[in-house]
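Oh and the sequence shown: position 376 is 386 in our numbering, straight run, nothing missing.
Note that beta-carbon positions come from the ideal geometry of N, C-alpha and C, so glycine has one too.
Just below is one structure, and these are the notes that go with it.
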Amino acid sequence: MKFPRKGIPQEEVMRELEKYTSKDLSFSSGKILGSMCTLPHELAREVFCLYMDRNLGDPGLHPGTKKIEEEEVIEMLSDLLHLERGYGHVVSGGTEANILAVRAFRNLADVENPELILPRSAHFSFIKAGEMLGVKLVWADLNPDYTVDVKDVEAKISENTIGIVGIAGTTGLGVVDDIPALSDLAREYGIPLHVDAAFGGFVIPFAKELGYDLPDFDFKLKGVQSITIDPHKMGMAPIPAGGIVFRRKKYLRAISVLAPYLAGGRILQATITGTRPGASVLAVWALIKHLGFEGYMKIVDRAMRLSRLFAEEIKKTPGAWLVREPMLNIVSFKTRNLRRVEKELKSRGWGISAHRGYIRIVFMPHVTEAMTREFLKDLREVI
Ligand SMILES: Cc1ncc(COP(=O)(O)O)c(C=O)c1O
């Protein structure tokens with residue numbers, strides 16, 4: 011398409027836009043079951059639209075928004091993660107948060123051939139981090155229950171190790187690694203531990219309070235030096251809203267560069283992106299203030315119950331079986347003729363994928379019991 015010489019009326023633009031976007035699946039369509047994002051909460055949507063012009067790449071212009079990020083959102087996230095004072099940012103997503111953690115570990119380690127030890131279940135964002143930062147990824151094996159094998163992690167520690175990664179809510183199965191054991195290991199060897207709780211960060215604290223038996227995963231454990239926690243996943247915030255929290259300021263300092271020319275004055279900037287949406291931060295702030303711990307507990311309660319109900323139904327479905335018992339609100343299962351089953355479910359409009367050798371259902375806040383039952387009916391017919 012050519013860059014138009016003359017513009018067209020707004021209504022026509024909107025009509026054309028609708029033609030394209032009507033092909034998208036929306037979170038309110040009742041069909042998306044395989045995403046870690048969801049329909050943002052209505053308050054967050056309102057705040058996001060209202061403050062779309064705030065740029066945290068130039069915080070001197072927006073000191074109110076900066077204060078909310080630094081002093082309130084990061085503090086509230088730190089508190090949720092059992093840290094009195096944390097240092098970090100709301101960033102573009104879990105990918106950027108993970109890259110920032112690896113960058114901080116690499117810069118502080120100052121070794122010639124840096125290596126990062128991470129579980130085979132780690133998100134592909136670490137592949138990007140490794141490539142961009144010149145850090146070799148050393149993959150640790152998994153146990154039969156898909157948690158990382160801590161003994162294998164230990165065996166892979168070398169003088170080049172800049173950090174260890176543990177996952178609190180793996181992308182495929184929602185598995186939480188034995189973070190307490192990884193933390194002990196990290197302390198014993200004096201290596202920082204990063205916890206990727208991009209998904210689990212807004213699930214585990216609430217699920218534990220509800221009585222689910224899950225390991226500790228946060229700053230309560232002294233070896234944990236940084237945590238990725240994404241509000242745009244189970245936090246119900248609009249995209250983009252990832253989160254990175256460091257235990258100490260030195261990590262943030264280690265990745266800060268001088269931004270000398272800004273209208274609001276010189277600053278040190280630690281994020282990968284320069285210009286970045288203040289609206290995201292304000293939406294996260296508004297949501298946390300509005301929902302509170304109890305509000306998120308209700309959201310997680312519903313999601314966890316629904317995932318348990320679904321897991322039980324899969325056990326009763328001939329030709330389908332669970333990959334493992336769910337730990338969080340993610341249930342993954344295999345079927346006979348998986349490829350054909352996937353294709354037919356997709357042709358019935360379901361937003362799922364089976365590229366890892368199983369189908370993963372993520373019980374996000376937009377997933378209802380009615381949707382779940384409708385999906386089960388289709389799944390049984392297709393099998
Ligand atoms: C465990 C984990 N970490 C990191 C990410 C990357 O997050 P984003 O897509 O927001 O960059 C994901 C995304 O699914 C994830 O599941």
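Compute every distance between the C-beta of Ala178 and the non-hydrogen atoms of ligand 1, then say whether any falls below 6 angstroms.
-> Between ligand 1 and Ala178, a heavy atom-to-CB distance of less than 6 angstroms is absent.
Verify whether the separation of the beta carbon atoms of Thr378 and Phe320 is less than 7 angstroms.
-> Cβ distance not < 7 angstroms, so Thr378 and Phe320 don't count as in contact.
Does DSSP put Ile282 in a helix, in a strand, or in coil?
-> Coil, per DSSP.
DSSP three-state call for Ser38: helix, strand or coil?
-> Ser38 falls in the helix class under three-state DSSP.
Using 6 angstroms as the cut-off, classify the Cβ of Gly173 as near or not near the heavy atoms of ligand 1, replying yes or no.
-> Every heavy atom of ligand 1 is 6 angstroms or more from the Cβ of Gly173, so no.
Pick from Asp311, Val255, Arg350 and Glu219 that is closest to Glu81, judged by C-alpha positions = Comparing Cα-Cα distances from Glu81 to each of Asp311, Val255, Arg350 and Glu219, the minimum goes to Val255.
Using 6 angstroms as the cut-off, classify the Cβ of Gly103 as near or not near the heavy atoms of ligand 1, replying yes or no.
-> Indeed, a heavy atom of ligand 1 lies less than 6 angstroms from the Cβ.
Identify which residue in Val291, His365 and Asp187 has its Cα closest to the Cα of Ile84.
-> Of Val291, His365 and Asp187, the residue nearest in Cα terms is Val291.
Among Asn347, Ser168, Arg258 and Met244, nearest to Leu297 - alpha-carbon criterion = Cα-wise, what sits closest to Leu297 is Met244.
So what does Asn65 bridge to, in DSSP terms?
-> Beta-bridge annotation (DSSP): Asn65 is paired with Pro287.
Is it the case that the CB of Phe209 approaches a heavy atom of ligand 1 more closely than 6 angstroms?
-> Phe209 Cβ: within cutoff of ligand 1.
Are Ile249 and Ile174 touching if we call contact CB-CB under 7 angstroms?
-> Ile249 is not a Cβ neighbour of Ile174, given a cutoff of 7 angstroms.
Cα-Cα, which of Leu231, Met374 and Leu203 is closest to Phe37?
-> Of the residues Leu231, Met374 and Leu203, the one whose Cα lies closest to the Cα of Phe37 is Met374.
In this structure, does DSSP put Leu27 in helix, strand or coil?
-> In the three-state reduction of the DSSP assignment, Leu27 falls in the helix class, which pools H, G and I.
Thinking just about the alpha-carbon of each residue, which of Pro129, Ala111, Asp34 and Gly179 is nearest to the one in Ile172?
-> Of the candidates Pro129, Ala111, Asp34 and Gly179, the one whose C-alpha sits nearest the C-alpha of Ile172 is Ala111.
Cβ of His395 versus every heavy atom of ligand 1: is any distance shorter than 6 angstroms?
-> Given a span of 11 to 393 for the chain in the structure shown, any question on residue 395 remains unanswerable.
Near Lys77, which residues of its chain fall below 6 angstroms by C-beta distance, leaving aside the five closest residues on each side in sequence?
-> So the list is empty, once near-sequence residues are dropped.
Any contact of the stretch 314-330 with the stretch 204-211, i.e. 3+ C-beta pairs under 8 angstroms?
-> For the pair of segments examined, the stretch 314-330 was found not to touch the stretch 204-211: the number of CB pairs separated by less than 8 angstroms stays below three.
Would you tell me roughly how many angstroms separate the C-alpha atoms of Leu389 and Val351, rounded to the nearest one?
-> Rounded to whole angstroms, Leu389 to Val351 spans 8 angstroms at the Cα level.
Can you check whether the CB of Ala247 is closer than 7 angstroms to the CB of Val310?
-> No, they are not a contact pair.
Can you find a heavy atom of ligand 2 that lies under 6 angstroms from the Cβ of Gly182?
-> This structure does not include ligand 2; its bound ligands are ligand 1.
Supposed contact pair Pro225 and Ile189 - C-beta distance, whole angstroms, cut 8 angstroms | Correct: roughly 6 angstroms between the Cβ atoms.
Name the one or two DSSP bridge partners that Pro129 has.
-> In DSSP, Pro129 forms a bridge with Ala150.
So, are the CB atoms of Phe229 and His92 less than 7 angstroms apart?
-> Going by C-beta atoms, Phe229 is nearer than 7 angstroms to His92.
Less than 6 angstroms between the CB of His365 and some heavy atom of ligand 1, yes or no?
-> Checking the Cβ of His365 against ligand 1 gives no.
Could you give the residue range of the alpha helix (DSSP H) that holds Lys344?
-> Unbroken run through Lys344 is the beta strand (DSSP E), Ile340 to Thr345; no alpha helix (DSSP H).
His204 in three-state terms, based on DSSP = DSSP, read as helix, strand or coil, puts His204 in strand.
As assigned by DSSP and simplified to three states, the class of Val234 = Collapsing the DSSP output to three states places Val234 in a strand.
Rounded C-alpha distance that separates Ile282 from Glu106 | Looking at the two C-alpha atoms, the distance is approximately 7 angstroms.
Nearest-angstrom Cα distance between Leu355 and Leu332?
-> Cα-Cα distance, rounded: 18 angstroms.
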